[in-house]
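Chemist: In this note's numbering, the protein residues as written are 170 to 1312.
Submitted below is the structure of interest, expressed as structure tokens.
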């Protein structure tokens, strides 16, 4: 536009006496853009309320004077309008006016600051800058700003767009919409910025391009991003004020662009290049504090090879070429880690089989917890994909190939009694002492108590017990006496936080007790107790008290002490482990685990989602927050093993999940974290905990596994940065990916590979720890035989990340949740196995440890004290080129000794386990030696059962109905035992159930069998008092038991009990039958006992088995086995007893 011209389409301004300096008017009082004039240079707003997460401390309007003369702004004004809401379209409200004061100097800026934005950690802090303040928020959802050379209020009707109306005193205007799609504004010069690439937001301002004014807001202004700008770029776009003087003709400030140094490795070549910006190039660099072996050039290249691992404070200085030179110094940390060559497996672990649920889910919860039953060779899986969740029973068989489900236990049907509404099936445990499967069931209402169901091996309900709120992990003591659940009690609805607890069930009495955390005196100061949430944003910003622990502690996982007297309970969100006195049903202690130092060279981690594998140190802390926990006693000391996953609290109206970017502004300026983060935004998206105070940055989890002394809860070992180092070496293209998101580096800003579960097991004479990695997948194996110096053994990951179309693959081994170790002694392959439940992929993988295999020619041996010795023979299949030799040992040398050749010498009555260990320590095999007393002529010993089974008070043995004259059972038609069942029923020896059924495949209890024998023998009543302490006089079977006891047929257990509710083993039934009827046996009628599993017959049962076999009462199955250790069914009793009943 030429001098004197009027802009096309614009109305003429009212004439003035003479042009005011700094305004766009020429002689003749005509509007002329070519006249140098004061302009609006930049505008930023963060909204109409405080927001702690924004990046700039204040909204602002920056003016610039491009003229050669100072301009007095007295009598001038800024006038502003927005919609008063977050609306992105529609009319703005009336104009608001700020009368300006002071002078804007030539070639300088004048900064008007709005109200503080509320930023907790401003990247751009304008607190100490500014020429004038305006007590109002500046919006980010569309605004209008007009610069006037007078202080006349704009007319809200006539001057909606002052650019068009050109009121007297008009100088400049900016109208801009927001960066939202479709956003508009109702006043602007010609056109306006809008949309994601042009408009304003809480992170983005609009700034004039090179001071150009063409009366087109859309082309004159460009968007600047305060989120991404760092270093010289941030300095260049930041607003200036009058104190900056003639900044337009001055070089930008000299600033560092390098904010951290990459990690070095001792003895390895290292190069890092320092970078600066601003000032006048070229630059000269210096450094002090470098480790020995490294040096810096004047051009800023640090190179060499560091000699010693450690953390070094390096001061770097840059000078530019001005006279005098500008100079900036900065302290950086250089971490030198011990060099680790490619970490190799010590032996292979091979996937040999798989069970597939048939579904997968990106959110997980499909195949969760798996447990193996050594009694029947089945594993039991919590199947969360079923609707509702169910318990799958799968025959492991030979553990190879594709395994098939035998049945699903519909837990919901079993649980929904007495008004209970099924919510979820969370966990399963197996107890082979009392032959029970225990499952934890949650109520649909997350504030109501759950249930523990006791099932038999086939999934039939035996008993139920009350659990606490939201029972999660379930654990039974090996003797079957106690069953425990970790009752998590999360505030899932956000309205109330129910109390967490540990349920302890005493199965002898049937009593269920919830142990609560209501004793502050046993809670130590390191326990992470969350405080109240801010009612405005739901954020937890401070710590709670020990009294708050009653509601806040959330039990997650349970491990037991070796003597089974203590339970160690992981409290994940609370970064603690509780110690529970099981029999006393009380909390002994709650111990906090402390923090992991991520500034330690051994604990380097990848913190940035930048597509690189970059393990670095930072002055941050990891909160261990274990999920899985295991216990193991080594050399008399119990250790706890934790998988340090970490977990954020994220419930409606209650969360402690935040980011470094949102929190760093509230850090203490004296803290190491503040100094480290000052001036950089590259860690802003890293997840952090909001309720840990202001002394540092605390992150979720440790990305590791740890070993703790169970007595003191002191840290013994941590795997440091192993998991990310190893996965980075093995899976560089899928480093730190997630389950459904396989973008490399996706989880680096969160919890990395996320260790989930941990299990320990004996392999040969070594102790192994297995750790599942929930996100990237696979599991780590460590030799922890020496808990203070574990060694890496193997990383196996069978996940297939991409499908045939190159897309993310979920139908694979992804999301390992539950682990289950099967030692070689009970493995169907003779080698140790690990079962891994993949909760996302919906599979259970069977993995075999390819270690030395040792096989004995016998698994069971029966000898007589002082009698002949017996030699065991071991076959060894060594790993690699190992030796094919073994070392022998006995678990009890007072019962049986074994020499270096495997020859067993029986010494006294009892049992001992003979173990053969391979030369490399990885292979083992066992044989159970039963030594009988050498005394002759005595009575056959009473059966020696498994450890005491537990009666189930909720379901007593049913009272038999009177014998019907012509029994017709409803459920034996077509059964193989129908004829003998009918025969004994007619004889009055077998009775049915009250519902008319016989239930031929149900296990028989000792009380029921006593009744059968008493009816068979027709013994006369002989009861003056109870025969045993646990057989009350009023019990329906009391007379039967008393009669048999008086006849010398039964003698009970060594502790004086009879245990009427316990299921009876086959060999126990054979012995009692033999005692009752041995005088009627014709031992010449049948074959001698020579079963395939003859070695499994206990010594005290051998005589009875031989006699009954020779008499034709017993015979083996199709495989030639007798199965003496199995429990006997009602049909099987009918078969053997019928031998003695004539038609």
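Here a beta-carbon is modelled for each residue, glycine too, at the ideal position from N, C-alpha and C.
1. Would DSSP call residue 564 helix, strand or coil?
2. For residue 788, I'd like the list of residues in its chain whose CB is within less than 6 Å of its CB, leaving aside the five on either flank, ordered along the chain.
3. Could you tell me which whole alpha helix (DSSP H) segments of length 4 or greater appear in the segment 700-730?
4. With 16 as the cutoff for other CB atoms within 10 Å, does residue 1036 come out buried or exposed?
5. Compute the distance between the beta-carbons of residue 380 and residue 208, then report whether it is under 8 Å.
6. Are there 16 or more other CB atoms within 10 angstroms of the CB of residue 863, so buried, or fewer, so exposed?
7. Contact check, residue 783 vs residue 775 under 8 Å by CB: the rounded distance?
8. Using the DSSP secondary-structure output, state which residues sit across from residue 868 in a beta bridge.
9. Taking the straight line between their C-alpha atoms, what separation do you get for residue 697 and residue 918?
10. For residue 461, count neighbouring Cβ atoms within 10 angstroms of its own Cβ and tell me buried if that reaches 16, exposed if not.
11. Between the C-alpha atoms of residue 1309 and residue 1154, what's the straight-line distance to the nearest angstrom?
12. In the DSSP assignment, find the unbroken alpha helix (DSSP H) run with residue 400 in it and report its ends.
13. Evaluate contact between the segment 1087-1101 and the segment 925-934, counting only Cβ atoms and requiring at least three cross-stretch pairs below 8 Å.
14. Tell me the DSSP bridge mates of residue 342?
15. Grab me the residues of residue 867's own chain with a C-beta within less than 8 Å of its C-beta, minus the 5 sequence neighbours each way, in chain order.
16. Of the choices 478, 720, 474 and 470, whose alpha-carbon is the least far from that of residue 486?
17. Taking the straight line between their C-alpha atoms, what separation do you get for residue 737 and residue 923?
18. Excluding the 5 residues preceding and the 5 following residue 657 in the sequence, name in chain order all residues of the same chain whose CB lies nearer than 7 Å to its CB.
19. In or out: residue 1145 buried (at least 16 other Cβ within 10 Å) or exposed?
20. For the 8 Å Cβ check, are there 3 or more pairs between the segment 397-412 and the segment 446-453?
21. Buried or exposed, going by whether 16 or more other CB atoms sit within 10 Å of the CB of residue 1243?
22. In angstroms, rounded to a whole number, what distance separates the CA positions of residue 731 and residue 1278?
23. Could you pull the start and end residues of the alpha helix (DSSP H) that residue 388 belongs to?
24. I'd like to know whether the C-beta atoms of residue 979 and residue 1058 end up nearer to each other than 8 Å.
25. Are the beta-carbon atoms belonging to residue 1280 and residue 1250 less than 8 Å from one another?
26. If you draw a straight line from the alpha carbon of residue 1316 to that of residue 824, how long is it in whole angstroms?
27. Would you call the CB atoms of residue 620 and residue 635 closer than 8 Å?
28. What residues match up with residue 593 in a beta bridge as DSSP calls it?
29. Measuring CB atoms only, is the segment 300-311 touching the segment 251-266, in the sense that at least three cross pairs come out at less than 8 Å?
30. If you draw a straight line from the alpha carbon of residue 1074 to that of residue 1055, how long is it in whole angstroms?
31. Could you check if residue 837 is buried or exposed, using at least 16 other CB atoms within 10 Å of its CB as the buried criterion?
32. When you compare only the Cα positions, how much space is there between residue 1094 and residue 604?
33. To the nearest angstrom, how far is the alpha carbon of residue 1038 from that of residue 1031?
34. What is the residue span of the beta strand (DSSP E) that residue 496 lies within?
35. To which residues does DSSP link residue 454 through a beta bridge?
36. Given residue 616, which residues of its chain have a CB within under 8 Å of its CB, disregarding the five upstream and five downstream residues?
Modeler: Quick look at the numbers:
1. Under the three-state reduction of DSSP output, residue 564 falls in the strand class.
2. Within the same chain, Cβ atoms closer than 6 Å to the Cβ of residue 788 are found at 768, 841, 842 and 845, the five residues on either side in sequence being excluded.
3. 718-721, all fully within the segment 700-730.
4. The residue in question, residue 1036, is exposed, as its Cβ has fewer than 16 Cβ neighbours within 10 Å.
5. If you check the CB distance, residue 380 and residue 208 come in under 8 Å.
6. Residue 863 is exposed by the Cβ-count criterion.
7. Going by Cβ atoms, the distance from residue 783 to residue 775 rounds to 6 Å, so yes, they are a contact pair.
8. In the DSSP output, where bridge partners are listed per residue, residue 868 has 791.
9. In a straight line, the C-alpha of residue 697 is about 22 Å away from that of residue 918.
10. With fewer than 16 Cβ atoms within 10 Å of its Cβ, residue 461 is classed as exposed.
11. C-alpha separation (whole angstroms): 14 Å.
12. If you look at residue 400, you'll find it in the alpha helix (DSSP H) that goes 400-406.
13. Yes, since at least three Cβ pairs between the segment 1087-1101 and the segment 925-934 fall closer than 8 Å, the two stretches touch.
14. Residue pairing by DSSP places residue 342 opposite 315 in a beta bridge.
15. These residues qualify, in order along the chain: 764, 789, 790, 791, 792, 857, 858 and 861.
16. Restricting attention to 478, 720, 474 and 470, the CA atom closest to the CA of residue 486 is found in 470.
17. In a straight line, the C-alpha of residue 737 is about 22 Å away from that of residue 923.
18. Answer for residue 657: 639, 641, 669, 723, 724 and 725, listed in chain order.
19. By the neighbour-count rule (16 or more Cβ atoms within 10 Å), residue 1145 is not buried but exposed.
20. Enough Cβ pairs lie closer than 8 Å, so yes.
21. Residue 1243 counts as buried, since no fewer than 16 other beta carbons sit within 10 angstroms of its beta carbon.
22. Going by the C-alpha atoms only, they are around 42 Å apart.
23. Note, residue 388: alpha helix (DSSP H), 386-389.
24. No Cβ-Cβ contact shorter than 8 Å links residue 979 with residue 1058.
25. Contact check for residue 1280 against residue 1250 passes: the beta carbons are separated by less than 8 Å.
26. For the chain, the structure presents residues 170 to 1312; residue 1316 sits outside this window and is missing.
27. Result yes, Cβ atoms of residue 620 and residue 635 sit closer than 8 Å.
28. In the DSSP assignment, residue 593 forms a beta bridge with 611.
29. The answer is yes - the segment 251-266 touches the segment 300-311, with three or more Cβ pairs under 8 Å.
30. C-alpha separation (whole angstroms): 18 Å.
31. When all chains shown are included, residue 837 counts as exposed.
32. For residue 1094 and residue 604, the distance between alpha carbons rounds to 25 Å.
33. Cα-Cα distance, rounded: 10 Å.
34. Secondary structure note for residue 496: its beta strand (DSSP E) is the uninterrupted segment 496-506.
35. DSSP output for residue 454 lists 487 as bridge partner(s).
36. Closer than 8 Å at Cβ, skipping near neighbours: 638, 662, 665 and 667.
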